[in-house]
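Participant: To start, I am sharing the structure in question, which I have written as structure tokens.
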């Protein structure tokens, strides 16, 4: 399974971005998918996750601002990010589980700055 993330970029505080991550290769039976982020000098942290049956969970710092969704027919997971703050600046990684194995995308940089 290969994961291709896209949609990162530079945005002003208060702005919005949508990240996408498409799975290819052998995407059948992909289970939970999610987004993580890693800021410079920090550990990678979970931002949001979604099960195959659309149950979601969010980090407290993004709850109410970010929305995770997925399209199982397209094997794609999305992260809609609103009211972005400088603290959201990080490399965002998508992941997907197939059985007990986690696959990771290459990361996309989100910079929130004026």
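Numbering (the numbering used here), first residue to last: 3 to 116. C-beta atoms are modelled at their ideal positions from N, C-alpha and C, and glycine is treated no differently.
Expressed to the nearest angstrom, what Euclidean distance is found between the alpha-carbon atoms of residue 76 and residue 32?
Facilitator: Rounded to whole angstroms, the gap between the alpha carbons of residue 76 and residue 32 is 11 angstroms.
Participant: Rounding to the nearest angstrom, what Cα-Cα distance links residue 85 and residue 17 in this structure?
Facilitator: 5 angstroms
Participant: Which one of 112, 101 and 111 has the shortest CA to CA distance from residue 28?
Facilitator: 101
Participant: Under a three-way DSSP split, which group does residue 120 fall into?
Facilitator: Outside the shown range of the chain, which is 3 to 116, sits residue 120, and nothing can be said about it.
Participant: Give, in chain order, every unbroken run of the beta strand (DSSP E) that is at least 3 residues long and sits entirely within the region 24-72.
Facilitator: 35-40, 47-52 and 58-60
Participant: Just to confirm the assignment, what range does the beta strand (DSSP E) spanning residue 108 have?
Facilitator: Segment: none, residue 108 is in no beta strand (DSSP E) and carries neither H nor E.
Participant: Decide if residue 55 is buried, meaning its Cβ has at least 16 other Cβ atoms within 10 Å, or exposed.
Facilitator: exposed
Participant: Let me know the secondary structure DSSP gives residue 3 once reduced to three states.
Facilitator: coil
Participant: By how many angstroms is the C-alpha of residue 82 removed from the C-alpha of residue 108?
Facilitator: 19 angstroms
Participant: If you run the structure through DSSP and keep just helix, strand and coil, what is residue 116?
Facilitator: coil
Participant: Could you tell me the distance, in whole angstroms, from the CA atom of residue 8 to the CA atom of residue 115?
Facilitator: 19 angstroms
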